[in-house]
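Report on the following structure.
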Amino acid sequence: ITESQKLHLLSSFLHETGRWCETTDSAMHFTVSSIHTTMKSPPFAAAASALASRQLDAKAARNQPRQTTLELYQHTLRLLICRRPDDVDESILATCTLLCVYEMMAAEVGEWRRHLQGCAELLRAKGWNGSSPGIVKSCFWAFARIDVWAAFITRQRTLIPTESWVETDSVRTIAEMGDLDDYCNLAILFFARIVNLMASLHEPARREVAAEVRVLWDKLQEWYARRPEKARPLMRLDRDGTNPFPRIMYSQSSPKEFAAEKIAILKQLARFEQETGWKTLERAAQLRRMWGFG
15 ITESQKLHLL
25 SSFLHETGRW
35 CETTDSAMHF
45 TVSSIHTTMK
55 SPPFAAAASA
65 LASRQLDAKA
75 ARNQPRQTTL
85 ELYQHTLRLL
95 ICRRPDDVDE
105 SILATCTLLC
115 VYEMMAAEVG
125 EWRRHLQGCA
135 ELLRAKGWNG
145 SSPGIVKSCF
155 WAFARIDVWA
165 AFITRQRTLI
175 PTESWVETDS
185 VRTIAEMGDL
195 DDYCNLAILF
205 FARIVNLMAS
215 LHEPARREVA
225 AEVRVLWDKL
235 QEWYARRPEK
245 ARPLMRLDRD
255 GTNPFPRIMY
265 SQSSPKEFAA
275 EKIAILKQLA
285 RFEQETGWKT
295 LERAAQLRRM
305 WGFG
């Protein structure tokens, strides 16, 4: 591509696609804090251009990506393949993260889960997790959100066990530390544990899940009760005659994860009763009333 095309694509990355990876990254490592360092990496620059190009294709309502987009993607893969195993750093992790996002837009879940596996292996090999500093933390949680979604769709466990996601999952400790990003990430972690619990029901060696459901429920209630002001809704409109659902406006995305967790729990309770005979209908009705679902 020409320098003019590259400038256009990278501008699109900085203003749109790069920010997709910064949902719980107030420092904006992908587009602000670390961008001058990561852009020195040819694979990262190529991946950023490929992702931006893919998004521009989607906005133009093209059914198939342009040849330029495919060539940028393939160029990124070639650059990664040429890297020595001992030459893997944070910029390579960021590159792999962008490729995961690209695959989400371009392929079926089975295809982009293979890219997730590459990210997971790199994170484990380096000992990185959601408590690591800098752009590594941003990469981990961008990866984690995609991993949770893929696991939910395929009814499988997350690729990285949630026990190793963070150094501490204590809601009280994280709340006292005052880092809103870390607090929001706990919602993603708890949602991942719900997804993993749901996946375990399809495994041959079934186990008693009531205790695990209770633990997850208590964690969610504690997370909800200790929310800092910035994680609370800006505005709420109760349901009315024209809309059966309450309308809630948040400035952060983690409360949306919390709402998704509620729906997942209700679906899981219905499945428990169908598959085990354990009566959950009354409990589900109580939860619906408490959560305002009617």
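The sequence shown begins at 15 in my numbering and counts up one residue at a time. By construction, the Cβ of each residue, glycine as well, lies at the ideal position given by its N, Cα and C atoms. Please read these numbers as outputs of a predicted model, since none were measured by experiment.
First through last residue of the beta strand (DSSP E) which encompasses methionine 249: Numbered from 1 along the sequence shown, position 235 holds the residue referred to as residue 249. Start and end: 249-251.
Reference aspartate 195, options Ile208, Val180, Val209, closest by Cα: Within the sequence shown, numbered from 1, the residue matching residue 195 stands at position 181. The shortest Cα separation from aspartate 195 among Ile208, Val180, Val209 belongs to Val180.
Sequence-distant residues of its chain with Cβ nearer than 7 Å to tyrosine 87 (five each side left out): Reading the sequence shown from its first residue, position 73 is the one you call residue 87. Counting only Cβ-Cβ distances below 7 Å, and skipping sequence neighbours, we find Ala64, Tyr116.
C-beta contact flag for alanine 59 and serine 26 at 9 Å: Sequence index remark: in the sequence shown, residue 59 carries index 45 (1-based). Sequence index remark: in the sequence shown, residue 26 carries index 12 (1-based). Cβ distance not < 9 Å, so alanine 59 and serine 26 don't count as in contact.
Secondary structure, alpha helix (DSSP H): runs of 4+ residues fully inside the region 157-209: 185-191
Beta-carbon gap between isoleucine 174 and leucine 137 smaller than 9 Å: Residue 174 sits at position 160 when you count from the first residue of the sequence shown. Residue 137 sits at position 123 when you count from the first residue of the sequence shown. Result yes, Cβ atoms of isoleucine 174 and leucine 137 sit closer than 9 Å.
Three-way DSSP call (helix, strand, coil) for arginine 76 in this model: As a first step, residue 76 is located in the sequence shown; it is residue number 62 there, counting from the start. In the structure shown, arginine 76 sits in coil (DSSP, three-state: anything other than H, G, I, E or B).
Simplified DSSP assignment, three categories, for methionine 263: One-based indexing of the sequence shown puts residue 263 at position 249. In the structure shown, methionine 263 sits in a strand (DSSP, three-state: E or B).
Distance between phenylalanine 259 and alanine 284 (C-alpha atoms, nearest Å): Residue numbering aside, residue 284 sits at position 270 when the sequence shown is read from its first letter. Residue numbering aside, residue 259 sits at position 245 when the sequence shown is read from its first letter. Their Cα atoms are separated by approximately 21 Å.
Buried versus exposed call for alanine 61 [16 or more other C-beta atoms within 10 Å across all chains shown]: For this step, residue 61 is matched to residue 47 along the sequence shown. So alanine 61 ends up on the buried side.
Phenylalanine 204 versus alanine 108: straight-line alpha-carbon distance, rounded: On the sequence shown, residue 204 is found 190 positions in, with the first residue counted as 1. On the sequence shown, residue 108 is found 94 positions in, with the first residue counted as 1. Approximately 24 Å, taken between the alpha carbons.
Cut-off 8 Å between Cβ atoms - residues of its own chain near histidine 216, not counting five sequence neighbours on either side: The count along the sequence shown starts at 1 and reaches residue 216 at position 202. These residues qualify, in order along the chain: Arg169.
C-beta atoms of arginine 159 and isoleucine 202 nearer than 9 Å: In the sequence shown, counting from the first residue as 1, residue 159 sits at position 145. In the sequence shown, counting from the first residue as 1, residue 202 sits at position 188. A contact, by the Cβ cut-off of 9 Å.
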